[in-house]
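Numbering of the sequence shown is given in full-length UniProt numbering, commencing with residue 1 and proceeding in unit increments. Positions of the beta carbon are idealized from the N, C-alpha and C atoms, including for glycine. One structure is given here, and the rest of the page talks about it.
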Amino acid sequence: MTFDFDQVFDRHNTGSTKWSRYPADVLPMWVADMDFAAPPVIIEALQQRLLHPLVGYSVAQDNLREAIVADLWNKYAWQVKPQELIFLPGVESGFNMALKALVQPQQNVVVQVPNYPPLRHAPGHWGLNKVELEFVAQADGTYATPLDALSQSLANGGALLLSNPHNPIGKVFTAQELTDIADICMAHDAWIISDEIHAELCFDGRVHIPTASLSPEIAKRTITLMSASKAYNIAGLKTSFMIIQDAALRERVNHARCGMVDSVNPLGMEATRVAYSEGAPWLAELKTYLQANRDWLVEAVRSRLPGVTINVPQGTYLAWLDCSALDLDNPQQFFLEQAKVGLSAGVDFGDQHQQFVRLNFGCPRSLLEEGISRMEHALTQRIT
1 MTFDFDQVFD
11 RHNTGSTKWS
21 RYPADVLPMW
31 VADMDFAAPP
41 VIIEALQQRL
51 LHPLVGYSVA
61 QDNLREAIVA
71 DLWNKYAWQV
81 KPQELIFLPG
91 VESGFNMALK
101 ALVQPQQNVV
111 VQVPNYPPLR
121 HAPGHWGLNK
131 VELEFVAQAD
141 GTYATPLDAL
151 SQSLANGGAL
161 LLSNPHNPIG
171 KVFTAQELTD
181 IADICMAHDA
191 WIISDEIHAE
201 LCFDGRVHIP
211 TASLSPEIAK
221 RTITLMSASK
231 AYNIAGLKTS
241 FMIIQDAALR
251 ERVNHARCGM
261 VDSVNPLGME
271 ATRVAYSEGA
281 PWLAELKTYL
291 QANRDWLVEA
301 VRSRLPGVTI
311 NVPQGTYLAW
321 LDCSALDLDN
331 PQQFFLEQAK
341 VGLSAGVDFG
351 DQHQQFVRLN
361 FGCPRSLLEE
371 GISRMEHALT
381 QRIT
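In structure tokens form, the structure reads like this:
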């Protein structure tokens with residue numbers, strides 16, 4: 001490979017959220033932050049940008065908008081205009097702005113669970129009714145949306161907070177699934193607020209389908225949230241964007257900043273431009289590496305962690321592990337204390353998911369192997 005994804009970097013004492021939460025003897029495999037160096041082309045561009053010593057308030061330049069528009073067309077055959085982009089410091093601020101602008105107190109906000117904690121908590125920030133809709137696990141290891149329950153929950157309008165590719169179950173929605181979901185939302189005049197931050201990270205030849213790209217009618221009711229932060233590992237640069245193709249809707253949502261959502265980091269905007277215009281070779285090798293990590297992990301869990309089950313993630317670099325058969329009060333705490341591996345607690349993703357943990361496999365293979373070895377040893381010690 002042209003790029004070295006096996007190199008291990010010491011991230012202690014760098015202010016890393018991932019590596020600061022736990023003591024130094026704990027291997028952190030929780031937050032969605034990969035342990036790979038950012039693409040060299042991005043680092044070089046940032047170094048070049050910093051030769052100009054001013055980093056004041058900044059706005060998105062035409063070349064950034066054009067790079068994103070070209071990327072959306074090249075990857076998804078989705079035709080977006082430059083003015084349809086709204087830049088934000090994060091997708092979380094975007095879906096909160098959309099809820100504030102669009103949903104009325106008597107309406108529901110549907111969140112499919114398990115789900116990314118900030119998506120779960122967002123309706124509560126605005127005093128909105130939240131309906132948590134459980135995925136239906138299928139015999140083949142995939143997950144389905146209960147369409148009848150979705151329709152009932154949106155009977156009075158409101159919004160669906162969609163995560164696609166899905167965090168934490170790694171589901172990549174098909175065109176038919178998205179169409180069925182969107183048809184229900186449109187039938188009830190409900191909004192689709194679609195977090196597509198992991199869009200580039202699909203495996204086994206799958207290609208992400210932006211919900212708004214399905215039809216002009218669906219686009220009129222869809223707010224799409226994207227960022228280069230996950231795929232290119234630049235989350236700390238705090239840059240994302242909303243895509244809203246209907247002009248009136250775009251204006252309405254943009255006005256919901258409410259003095260809380262500020263302008264965007266100039267270095268983040270430059271990194272985003274370079275990611276989308278020059279980062280394709282690095283991304284292609286990253287996906288190959290991540291898919292190999294995923295395949296190794298699935299086999300390792302099934303052969304070495306008795307009592308733990310895993311469904312094969314179709315996208316993202318996150319694995320959703322079912323620890324129900326271990327008969328533990330708190331699997332996350334067990335692996336933290338006994339294995340010195342810091343995982344995400346399942347209960348954060350849904351009240352009924354206390355027996356799950358989420359594991360981040362976006363790391364050099366040696367760290368992934370170390371994490372599994374520690375978990376295997378902890379389970380072996382528990383049995384003996």
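Check	Outcome
Strand pairing of isoleucine 14, partner residues [DSSP]	Isoleucine is not the amino acid found at residue 14; the sequence shown has threonine there. Answer is none; threonine 14 lacks a bridge partner.
Beta-carbon contacts of serine 366 that lie in its chain and below 8 Å, excluding the five residues immediately before and after	Asp6, Val8
Distance, aspartate 262 Cα to glutamate 251 Cα	16 Å
Alanine 190, buried or exposed, once every other Cβ within 10 Å from all chains shown has been counted against 16	buried
Buried/exposed call for glutamine 48, threshold 16 Cβ in 10 Å	exposed
Proximity winner among Asp180, Val111, Pro210, Ser153, relative to aspartate 351 (alpha-carbon distances)	Val111
Identified DSSP bridge partners for valine 111	Glu132, Leu161
Validate contact between the stretch 65-74 and the stretch 274-281 using beta carbons, cut 8 Å, 3 pairs	yes
DSSP three-state assignment for tyrosine 143, whether helix, strand or coil	strand
Presumed contact (8 Å Cβ cut-off) between isoleucine 86 and phenylalanine 241, rounded CB distance	6 Å
Three-state secondary structure (DSSP) of cysteine 202	strand
Proximity below 8 Å, CB of valine 301 to CB of valine 312	no
For arginine 358, the first and last residue of its enclosing beta strand (DSSP E)	356-360
Nearest candidate by alpha-carbon position, reference alanine 287, set Pro364, Arg221, Gly259	In the sequence as displayed, the identity of residue 287 is lysine instead of alanine. Among Pro364, Arg221, Gly259, the Cα nearest to that of lysine 287 is on Pro364.
Start-to-end residues for the beta strand (DSSP E) that takes in isoleucine 192	191-195
Extent of the continuous beta strand (DSSP E) run through tryptophan 282	Run containing tryptophan 282: none in the beta strand (DSSP E); it sits in the alpha helix (DSSP H), 280-304.
Cβ contact check for the stretch 14-33 and the stretch 46-66: 3 or more pairs under 8 Å	no
Cβ-Cβ separation, phenylalanine 135 to glycine 315 (assumed contact under 8 Å), whole Å	With a Cβ gap of about 15 Å, glycine 315 and phenylalanine 135 do not count as contacting.
Proximity below 8 Å, CB of tryptophan 320 to CB of arginine 358	yes
Rounded C-alpha distance that separates leucine 178 from glutamine 333	36 Å
Cβ pair asparagine 233, phenylalanine 3 closer than 8 Å	no
Sheet register partners of aspartate 327 (DSSP bridge)	Partner(s): none; aspartate 327 has no beta bridge.
Euclidean distance between Cα positions of arginine 374 and threonine 142	28 Å
Inside the stretch 208-255 only - alpha helix (DSSP H) runs reaching at least 4 residues	216-219, 247-254
Top-ranked residue by Cα proximity to threonine 17, from Asp327, Gly236, Gln381	Gly236
Asparagine 382 burial status per 10 Å Cβ neighbour count (16 or more: buried)	In the sequence under discussion, the amino acid at residue 382 is arginine, which differs from the asparagine named in the question. Result: exposed.
Cβ-based neighbour list, alanine 98, same chain, cut-off 6 Å, excluding 5 preceding and 5 following	Ile193, Ile223, Val253
Extent of the continuous alpha helix (DSSP H) run through alanine 378	365-383
Beta bridge counterpart(s) of leucine 88 as assigned by DSSP	Ser240
Span separating the alpha-carbon of valine 55 from that of leucine 160	38 Å
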